[in-house]
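Visitor: What follows is a single structure, and I will ask about it in a moment.
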Amino acid sequence: MTHFRCLVLVSSAIFGLATGVAADDQRPNVVIILVDDMGYGDPGCYNAESKIPTLNIDSLAAAGMRFTDAHASGPLCHMSRYGLVTGRYPFRTDVSRWARQPLIDDGATTIASLLKSQGYRTAMVGKWHLGFDESQGYERPLPGGPVDVGFDSYFGIRASTDIPPYFYIRDRRAVQPPTNEIAANNSDGWSPIQGAFWRAGGIAPDLELKDVLPRFTDEAIDVIRDHADRQVDAREAQPLMLYLAYPAPHTPWLPSDAFVGTSQADMYGDFAVMVDTMIGRVLRALDSAGMAGNTLVVFASDNGPTWYQKDVERFGHDSSGGLRGMKADAWEAGHRVPFVVRWPGKIQAGSVSDQLVSFVDLLATLAAITDFELPDGAGPDSHDFSAVLLGTQPADQPVRTSLALQSGSGFMTIREGHWKLIEGLGSGGFSQPSRITPGTNDPPSQLYNLKDDPAETTNLYSQNPEVVGNLRRVLTEILAAERTRDPQQAGPAPVRKSVP
48 MTHFRCLVLV SSAIFGLATG VAADDQRPNV VIILVDDMGY GDPGCYNAES KIPTLNIDSL
108 AAAGMRFTDA HASGPLCHMS RYGLVTGRYP FRTDVSRWAR QPLIDDGATT IASLLKSQGY
168 RTAMVGKWHL GFDESQGYER PLPGGPVDVG FDSYFGIRAS TDIPPYFYIR DRRAVQPPTN
228 EIAANNSDGW SPIQGAFWRA GGIAPDLELK DVLPRFTDEA IDVIRDHADR QVDAREAQPL
288 MLYLAYPAPH TPWLPSDAFV GTSQADMYGD FAVMVDTMIG RVLRALDSAG MAGNTLVVFA
348 SDNGPTWYQK DVERFGHDSS GGLRGMKADA WEAGHRVPFV VRWPGKIQAG SVSDQLVSFV
408 DLLATLAAIT DFELPDGAGP DSHDFSAVLL GTQPADQPVR TSLALQSGSG FMTIREGHWK
468 LIEGLGSGGF SQPSRITPGT NDPPSQLYNL KDDPAETTNL YSQNPEVVGN LRRVLTEILA
528 AERTRDPQQA GPAPVRKSVP
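So in the numbering used here, spot 265 of the sequence shown is number 312, and the numbers just go up one at a time.
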């Protein structure tokens, strides 16, 4: 496994809202920063040998809590985002329909609708990837997106910057329809899905792929500044919830000239440095607005990296941080992600948690932090980890006893304690071979003890039939049930304690 470091870079945080010093019982602002395809071993605070300087991500970890066993809802973009927004395992719906229709059902509780009901101003900037109704074309409103599931405002793109059509969306409407065409592109020396890769298709006249990342940063900063300005004359301070979903360092890797050569991991590393710098701009905007001291910042990557073993050997940089596999895989590097939370005065600076948590847990956690009791049908797979953030959860008492995932090609995976069962042979994703037909004497599935073997090198399936049987029973129960969250344990947690 990797060694860990965190560079202590203390920004000039101004503690308190724009209207004054925040009282201890004020609900915090919430800023969720989700990056795209950044590996567990990319940030310096997760990998002392990283060849990518990530000073701003490291500063968040130095000032907050770094999770070592946090997992995306699934190892692909749309899976990951569905679980984060809804608190529901993505395998409970057909997430493949995102390109044709919205994935989130009407009336479903989301992180945005929950906080909006608590008086928050809710805004989203960035990559949605959870579907719009595009059946009427791009000259008409696009229903089913962020502003129809609880966000007051939205500026972003429908999916990745390598999936056409490419156009900006403001709330429900295309800013400009994708009336132009762009040819496909690839980079020499990289696989077909790496480098400056994008697909051919429609593109709006006002969008250039290289400008999307800084444009989203500008939009996010505008949301923060506008919110701070609104509070100056307000009789009651209104908290802000901002979900900033960057489409990078997902392909196309397009570092601007100022970032070329800033890493030792070629164009991918340079683009990741650019992402880290954009995060720094957002953090400084919180400082300047006087909001940093009462803002809970969540940073995470949506899944694992697109980084092959040959890339590790070529650049000496392990984007997976010692874990096996890559994006889309059932193996750990597909879905175990960097996950950092900063909340000044509440979370102990420089703390580390080994608790097993998932993106689906954010909804229940935010409900607890805002003293809101979730309805029975909301966040069916979401488990509250606010006590972990506050340092009151005993390390030997798990927040969740199990975690279920589905790989990019459909392998079901179940985790309980340190045991992990993958129902199939192969990666289940982008790593080759993705699927292996078992031979006569081969086990049909994979079993790993992650405590002893975090790199998943030794399949223990044949030696542990009782463990396999138990894990299959747990997985069968999860698939048959509509929920894994116990409604009796869904009440608000005491979150007013400050760290010493």
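The C-beta atom is built at its ideal place from N, Cα and C for all residues, glycine as well. Note that this is a predicted model, so its numbers are computed, not measured.
Which word fits Thr324, buried or exposed, when buried means at least 16 other C-beta atoms lie within 10 angstroms of its C-beta?
Guide: That one is buried.
Visitor: Closest to Pro501 by C-alpha separation, out of Ser182, Pro211, Gly369 and Glu524, would be which residue?
Guide: If we check each option's Cα against that of Pro501, Gly369 comes out closest.
Visitor: Is the beta carbon of Thr298 closer than 8 angstroms to that of Thr353?
Guide: Yes, the pair counts as a contact, with Cβ atoms nearer than the cut-off.
Visitor: Can you tell me the Cα-Cα spacing of His430 and His274, whole angstroms?
Guide: Those two C-alpha atoms are separated by around 30 angstroms.
Visitor: Report the rounded CA-to-CA distance for Phe362 versus Pro90, giving the unit in angstroms.
Guide: Rounded to the nearest angstrom, the two C-alpha atoms are 16 angstroms apart.
Visitor: Tell me whether Arg144 is buried or exposed, calling it buried when 16 or more other Cβ atoms sit within 10 Å of its Cβ.
Guide: By the 10 Å Cβ count, Arg144 comes out exposed.
Visitor: Excluding five sequence neighbours on each side, which residues of the same chain lie with their C-beta closer than 7 angstroms to the C-beta of Leu497?
Guide: Here the set comprises His465 and Lys467.
Visitor: Exposed or buried, what is Ile483 when buried is set at 16 or more other beta-carbons lying within 10 Å of its beta-carbon?
Guide: Under this definition Ile483 is an exposed residue.
Visitor: How long is the line joining the alpha carbons of Ile271 and Val345, rounded to whole angstroms?
Guide: About 16 angstroms.
Visitor: Check the C-beta distance from Thr417 over to Arg74 and give it rounded, since I have them as a contact under 8 angstroms.
Guide: Yes, they are in contact, since the Cβ atoms of Thr417 and Arg74 sit about 5 angstroms apart, within 8 angstroms.
Visitor: Determine the direct distance from the alpha carbon of Leu526 to that of Pro252, and round the result to whole angstroms.
Guide: The straight-line gap from Cα to Cα measures roughly 45 angstroms.
Visitor: Beta-carbon within less than 6 angstroms of Ile79's beta-carbon, same chain only, minus the 5 sequence neighbours each way: which residues are those?
Guide: If we look at Ile79 and ignore the five residues flanking it on each side, its Cβ neighbours are Tyr290 and Val345.
Visitor: With 16 as the cutoff for other CB atoms within 10 Å, does Gly424 come out buried or exposed?
Guide: Gly424 is exposed by the Cβ-count criterion.
Visitor: Is His118 helix, strand or coil when you go by DSSP?
Guide: Residue state, collapsed to three classes: strand.
Visitor: Drop a sphere of 10 angstroms on the beta-carbon of Ser366, count the other beta-carbons inside from all chains shown, and report buried for 16 or more, exposed for fewer.
Guide: With 16 or more Cβ atoms within 10 Å of its Cβ, Ser366 is classed as buried.
Visitor: Can Leu81 and Tyr129 be called in contact, C-beta distance under 8 angstroms?
Guide: No, these two residues do not count as a Cβ contact at 8 angstroms.
Visitor: Hey, is the stretch 244-260 in contact with the stretch 205-214, meaning 3+ C-beta pairs nearer than 8 angstroms?
Guide: Output reads yes: the stretch 205-214 touches the stretch 244-260.
Visitor: In angstroms, rounded to a whole number, what distance separates the CA positions of Pro149 and Arg217?
Guide: Answer to the nearest angstrom: the Cα atoms are 17 angstroms apart.
Visitor: How about the stretch 312-326 and the stretch 87-103: do they share at least three Cβ pairs that are nearer than 8 angstroms?
Guide: Yes, the stretch 312-326 touches the stretch 87-103.
Visitor: Does DSSP put Trp145 in a helix, in a strand, or in coil?
Guide: Trp145 falls in the helix class under three-state DSSP.
Visitor: Whole-angstrom Cβ separation of Gly121 and Gln493, contact assumed at under 8 angstroms?
Guide: The Cβ separation is near 18 angstroms, so there is no contact.
Visitor: Within 8 angstroms, do at least three Cβ pairs link the stretch 370-377 to the stretch 395-408?
Guide: Not touching, per the Cβ criterion.
Visitor: Restricting to Cα atoms, I'd like to know which of Ala95, Val142 and Gly134 is closest to Gly457.
Guide: The candidate whose alpha carbon is nearest that of Gly457 is Val142.
Visitor: For a test of the three-state rule: what should DSSP assign to Gln278, helix, strand or coil?
Guide: In the structure shown, Gln278 sits in a helix (DSSP, three-state: H, G or I).
Visitor: How many whole angstroms separate the CB atoms of Leu403 and Leu450, which I take to be in contact at a CB cut-off of 8 angstroms?
Guide: Leu403 to Leu450, Cβ: 6 angstroms. Contact.
Visitor: Whole angstroms are fine: how far does the CA of His118 sit from the CA of Phe432?
Guide: For Phe432 and His118, the distance between alpha carbons rounds to 13 angstroms.
Visitor: For Gly111, does the three-state DSSP call read helix, strand or coil?
Guide: If DSSP states are grouped into helix, strand and coil, Gly111 belongs with coil.
Visitor: Please check the pair Val329 and Ala267, which I expect to be a contact at CB under 8 angstroms, by giving their CB distance rounded to whole angstroms.
Guide: With a Cβ gap of about 5 angstroms, Val329 and Ala267 count as contacting.
Visitor: Bridge partners for Thr169 per DSSP, in chain order?
Guide: Thr169 pairs with Met288.
Visitor: Would you kindly check if the distance between the Cβ of Thr156 and the Cβ of Pro162 is under 8 angstroms?
Guide: Reading off the sequence shown, one finds Leu at residue 162, where the question assumed Pro. Cβ distance not < 8 angstroms, so Leu162 and Thr156 don't count as in contact.
Visitor: Would you mind sorting Gly88 into buried or exposed? The rule is 16 or more other CB atoms within 10 Å of its CB.
Guide: It counts as buried.
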